[in-house]
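Asker: Pasting a structure here, questions to come.
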Amino acid sequence: MDLSEKAAHLFKVLVEEYLEDGEPVSSSKIAKKSHYSVSSATVRNNMARLQDLGLVSSPHTSAGRIPTQHGLRFFVDGLIAYEPLDRGAERHVWDELSRDQSTQDLLESASHLLSEVTQMAGLVTVPREEQLSLRQVEFLQLTGRQVLVVLVVNEREVQNRVIETSRAYSDVELRQAANYINEAFAGRSLESIRTGVLDSMSQDKAQINEMLQRAFDIASKTFVESEHDFVVSGESNLVSFTSSAAKIKKLLEAFESKSSIVHLLDACIDGEGVRLFIGHESGYEPFEDYSLITAPYEVNGKVAGVLGVIGPTRMSYQKVVPLVDVTSRVLGHVIERS
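The numbering of the sequence shown is this note's numbering, which starts it at 2 and goes up by one.
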């Protein structure tokens with residue numbers, strides 16, 4: 002965008018003041034805060050130019066101006082000098098995530114950390130299934146066709162799920178199925194197990210003995226493809242950033258249903274580094290007054306999931322971006338080491 006150095010500086014002052022207190026910024030205040038020796042009239046002329054470019058707007062009830070979402074995008078892309086997270090803050094991230102805990106507890110700790118530090122909402126997706134390798138599976142009969150599946154993945158992580166099989170199985174049949182799966186698939190990722198089971202089931206059933214058919218039937222219900230889930234902390238913090246009851250209702254319903262947020266976070270997984278979605282850029286109506294900052298985390302050199310912070314568009318991007326970046330790297334390292 003073609004802006005003079007002075008206009009860009011004055012715009013930067015306006016945005017920084019707005020992010021600080023959330024109020025429209027007057028020309029006199031910009032003139033006072035600027036390191037240029039400029040009059041209020043000069044500032045007003047520059048603000049008029051910025052308004053023509055769609056970078057600022059003037060609320061009807063105020064003589065001051067605020068940045069538009071387009072203006073905030075221009076600000077975060079070209080006018081912010083991001084600095085590394087200070088050592089104390091980075092140490093805090095390591096301390097919180099390095100405690101001995103299960104993967105699920107670790108994800109919740111990361112989500113809580115992001116929320117606690119920013120006073121916004123922290124989100125972390127669960128690792129992709131190609132990052133979860135099977136150590137052992139056990140099947141326990143509940144009632145009728147319901148079976149409790151106990152999965153041990155990645156050495157020590159235990160997952161429990163209830164499945165419904167095509168018919169009721171005896172304890173002996175369930176034990177035989179578990180023994181076969183453990184022998185045939187231990188050490189493989191859940192994703193590859195699912196593919197292997199489906200490939201085996203597509204063979205001529207006449208060539209598969211009865212015991213294997215039982216094992217494949219149970220396994221096909223166990224290793225189903227699941228949507229990327231996520232954990233969230235501090236969603237109630239977002240309520241204070243809008244006075245619209247309708248928008249608050251939509252936002253809380255979005256966190257409750259999860260599905261649309263999951264798709265949005267999944268879209269972030271394939272991007273590199275920290276990504277920012279300001280307001281309507283997310284394409285998700287409940288987030289149109291909020292910004293989402295995300296970063297993928299890697300395990301063993303592969304992207305396993307994504308974490309991020311959602312908060313008002315009026316947030317301290319200089320502080321939140323480095324925090325999200327460091328937390329993503331620490332989380333991946335800790336999962337890999339566990």
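Even for Gly, the Cβ is constructed at its ideal location relative to N, Cα and C.
Using a 10 Å radius around the Cβ and a threshold of 16 neighbouring Cβ atoms, would you call residue 158 buried or exposed?
Answerer: Buried, by the Cβ-count rule.
Asker: Is the CB-CB distance between residue 231 and residue 179 below 8 Å?
Answerer: Not closer than 8 Å, so no.
Asker: Starting from the C-beta of residue 283, find all residues in its chain whose C-beta is less than 7 Å away, skip the five residues before and the five after it, and write them out in chain order.
Answerer: Hits under 7 Å: 265 and 293.
Asker: Are the stretch 76 to 86 and the stretch 319 to 329 touching, with three or more C-beta to C-beta distances below 8 Å?
Answerer: They touch, by the three-pair rule.
Asker: My understanding is that residue 123 touches residue 304, with C-beta atoms under 8 Å, so please give their C-beta distance in whole angstroms.
Answerer: Wrong, their Cβ atoms sit about 19 Å apart, outside the cutoff.
Asker: Note down the Cα distance separating residue 161 from residue 72, rounded to an integer number of angstroms.
Answerer: For residue 161 and residue 72, the distance between alpha carbons rounds to 48 Å.
Asker: Is DSSP giving residue 52 helix, strand or coil here?
Answerer: Looking at residue 52 - three-state DSSP - the assignment turns out to be helix.
Asker: Can you tell which of 65, 233, 195 and 238 has its C-alpha closest to the C-alpha of residue 221?
Answerer: Nearest of 65, 233, 195 and 238 to residue 221, Cα basis: 195.
Asker: Consult DSSP for residue 60 and reduce its assignment to one of helix, strand or coil.
Answerer: Residue 60 falls in the coil class under three-state DSSP.
Asker: So, is residue 21 buried or exposed, given that buried needs 16 or more other C-beta atoms within 10 angstroms?
Answerer: Result: exposed.
Asker: Only counting the same chain, and skipping five residues up and downstream in sequence, which positions put a Cβ closer than 7 Å to that of residue 209?
Answerer: Because residue 209 carries a pLDDT of 47, less than 50, the predicted location of this residue cannot be relied on, and no value is offered for it.
Asker: Could you check the C-alpha separation between residue 314 and residue 67 for me, to the nearest Å?
Answerer: If you take the alpha carbons of residue 314 and residue 67, they lie about 12 Å apart.
Asker: Where do the N-terminal and C-terminal ends of the alpha helix (DSSP H) with residue 162 fall, by residue?
Answerer: Taken as a continuous stretch (DSSP letters only), residue 162 belongs to no alpha helix (DSSP H), being part of the beta strand (DSSP E) at 158 to 165.
Asker: Just reading off the beta strand (DSSP E) that residue 299 is part of, what are its end residues?
Answerer: Element bounds for residue 299: 291 to 300.
Asker: Quick one: using the 10 Å Cβ neighbour count with 16 as the cut-off for buried, is residue 1 buried or exposed?
Answerer: Limits of the chain in this structure are 2 at one end and 339 at the other, which puts residue 1 out of reach.
Asker: For residue 110, count neighbouring Cβ atoms within 10 angstroms of its own Cβ and tell me buried if that reaches 16, exposed if not.
Answerer: Under this definition residue 110 is a buried residue.
Asker: Who are residue 303's beta bridge partners in DSSP?
Answerer: DSSP lists 300 as partners of residue 303.
Asker: Return yes when the Cβ of residue 107 is within less than 8 Å of the Cβ of residue 270, no when it is not.
Answerer: In this structure, residue 107 does not lie closer than 8 Å to residue 270 by Cβ.
Asker: For residue 274, count neighbouring C-beta atoms within 10 Å of its own C-beta (all shown protein chains included) and say buried if the count is 16 or more, exposed if not.
Answerer: Exposed, by the Cβ-count rule.
Asker: How would you label residue 240, buried or exposed, when you count the other beta carbons within 10 angstroms and need 16 or more for buried?
Answerer: Exposed is the call here.
Asker: Between which two residues does the beta strand (DSSP E) harbouring residue 279 extend?
Answerer: From DSSP, the beta strand (DSSP E) with residue 279 extends over 276 to 279.
Asker: Please classify residue 25 as buried or exposed, where buried requires at least 16 neighbouring CB atoms within 10 angstroms.
Answerer: Residue 25 is buried by the Cβ-count criterion.
Asker: Please list the terminal residues of the continuous beta strand (DSSP E) segment that includes residue 234.
Answerer: First-last of the beta strand (DSSP E) with residue 234: 231 to 234.
Asker: What residue does the beta strand (DSSP E) around residue 133 start on, and which one ends it?
Answerer: It is not in any beta strand (DSSP E) - residue 133 carries neither H nor E in the DSSP assignment.
Asker: So, under 8 Å CB-CB, residue 151 and residue 138 are touching, yes? Tell me the CB distance rounded to an integer number of Å.
Answerer: Contact holds; Cβ gap of about 7 Å.
Asker: What separation, rounded to the nearest whole angstrom, lies between the Cα atoms of residue 28 and residue 308?
Answerer: C-alpha separation (whole angstroms): 39 Å.
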